[in-house]
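Protein chains in written order, with the working numbering: chain A, 19 to 254; chain B, 475 to 601.
Built from N, CA and C at the ideal position, the CB exists for glycine as well.
Here the structure is a predicted model, which means the values were calculated and not measured.
What follows is a single structure, written as structure tokens, with notes after it.
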């Protein structure tokens, strides 16, 4: 049985965190979870303490990338086989975790993808997704249909690489870097719910900035990075 | 270079040196970081005392007026300094975030240990 850690980054998620975590505790006791309270200004921390959730409390807001990285450090130090990034706002459905764990036999990074079997809708946000997909196809020759999906599972070698050094935000440019370093990526079809509470971090301006940043990073910056060492256990 | 420009440069570089030394005495600036500013003002001083150096490079590079060479030189140095600052800032950001992550994980471990101790004590009391 593989040990799986569900990393739940939470920034001001007081309305939804309880439902998400209680669902995991009740219906998915085979997985461990870890809430990352990233310096929330609302009652997220109080709820975690009151309900006795397993959580990390970031004393200062550090942003999604470094919050998730703290979770990966925890996963690495506590000898987890897989770690999955899971939204605290109820968008992700935990019933797909099992399929993703199964898929991990053949890959290092498994993406919970919305568009494996389904067509991408033609919206402005998906235009950005297409751009990033194109950049990945051009640089690492890999067709990733949903590169911006926030539901990603990592194997232990990848956890080790991501927990060790800076600039490993859970973003598509890191994906490009890891693929170039030899990580195998697989996508699994998942359904995502619309968010039930709280606000998305990305508004239009931020989305455009994010897409532009990612596109540039994948096309130009990633060439110069030193490759990560991802050794697979079977090869030893 | 005109005499006025030379005087202005001399006064400015002397002031920069004095200001830097004052900040070092107050321990507001690392000695390491002050080397750049002292060196920078010394170079300005040399250029204003010996304008022949500036004129030589101006002719060598085919620049119309010596003062343009002074601008070019200063802008170049500032760009290098800016880039070094950007690197330092990146390193500092990374270190700060790493510390925050460590604190969060340490706190978690401490909480866990305290809970385990409490449970052990409770068990003993019950016995």
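For chain A, check one thing: does any of its Cβ atoms lie closer than 9 Å to the Cβ of residue i?
i	result
residue 581 of chain B	yes
residue 549 of chain B	no
residue 571 of chain B	yes
residue 554 of chain B	no
residue 578 of chain B	yes
residue 561 of chain B	no
residue 574 of chain B	yes
Can you give the Cα-Cα distance for residue i and residue j, rounded to whole angstroms?
i	j	result
residue 558 of chain B	residue 122 of chain A	42 Å
residue 534 of chain B	residue 568 of chain B	44 Å
residue 526 of chain B	residue 485 of chain B	19 Å
residue 209 of chain A	residue 171 of chain A	16 Å
residue 590 of chain B	residue 72 of chain A	14 Å
residue 237 of chain A	residue 475 of chain B	47 Å
residue 491 of chain B	residue 498 of chain B	11 Å
residue 181 of chain A	residue 521 of chain B	50 Å
residue 82 of chain A	residue 186 of chain A	11 Å
residue 518 of chain B	residue 129 of chain A	58 Å
residue 563 of chain B	residue 542 of chain B	31 Å
residue 538 of chain B	residue 577 of chain B	59 Å
residue 64 of chain A	residue 84 of chain A	22 Å
residue 68 of chain A	residue 36 of chain A	11 Å
residue 253 of chain A	residue 200 of chain A	Note that residue 253 of chain A scores 45 on pLDDT, short of 50, meaning its location in the model is unreliable; the coordinates nonetheless yield the value given after this. Those two C-alpha atoms are separated by around 13 Å.
residue 212 of chain A	residue 588 of chain B	39 Å
residue 62 of chain A	residue 595 of chain B	30 Å
residue 119 of chain A	residue 223 of chain A	35 Å
residue 585 of chain B	residue 188 of chain A	28 Å
Name, in chain order, the residues that DSSP records as bridge partners for residue i.
i	result
residue 130 of chain A	A:206
residue 56 of chain A	A:76
residue 25 of chain A	A:52 and A:103
residue 172 of chain A	A:101 and A:127
Beta-carbon separation of residue i and residue j under 9 Å?
i	j	result
residue 115 of chain A	residue 46 of chain A	yes
residue 94 of chain A	residue 21 of chain A	no
residue 479 of chain B	residue 548 of chain B	no
residue 134 of chain A	residue 151 of chain A	no
residue 87 of chain A	residue 571 of chain B	yes
residue 193 of chain A	residue 175 of chain A	no
residue 23 of chain A	residue 96 of chain A	yes
residue 198 of chain A	residue 157 of chain A	yes
residue 146 of chain A	residue 38 of chain A	no
residue 503 of chain B	residue 494 of chain B	yes
residue 31 of chain A	residue 50 of chain A	no
residue 90 of chain A	residue 177 of chain A	yes
residue 92 of chain A	residue 579 of chain B	yes
residue 514 of chain B	residue 551 of chain B	yes
residue 143 of chain A	residue 235 of chain A	no
Does residue i get closer than 9 Å to chain B when you measure Cβ to Cβ?
i	result
residue 186 of chain A	no
residue 9 of chain A	The shown model of chain A, from 19 to 254, leaves out residue 9 of chain A, and the question about it has no answer.
residue 64 of chain A	no
residue 135 of chain A	no
residue 88 of chain A	yes
residue 191 of chain A	no
residue 231 of chain A	no
residue 78 of chain A	yes
residue 30 of chain A	no
residue 54 of chain A	yes
residue 73 of chain A	yes
residue 84 of chain A	yes
residue 95 of chain A	yes
Residue i CB to nearest chain D CB: under 9 Å?
i	result
residue 50 of chain A	No chain D is part of this structure, whose protein chains are labelled A and B.
Say yes only if the C-beta of residue i is nearer than 8 Å to one or more non-hydrogen atoms of the ligand FAD, and no if none qualify.
i	result
residue 37 of chain A	Looking for the ligand FAD in the displayed structure turns up nothing, as the structure carries no ligands at all.
- Curious, which full-length alpha helix (DSSP H) runs of at least 4 residues does the stretch 64–125 of chain A contain? 82–95 and 115–121
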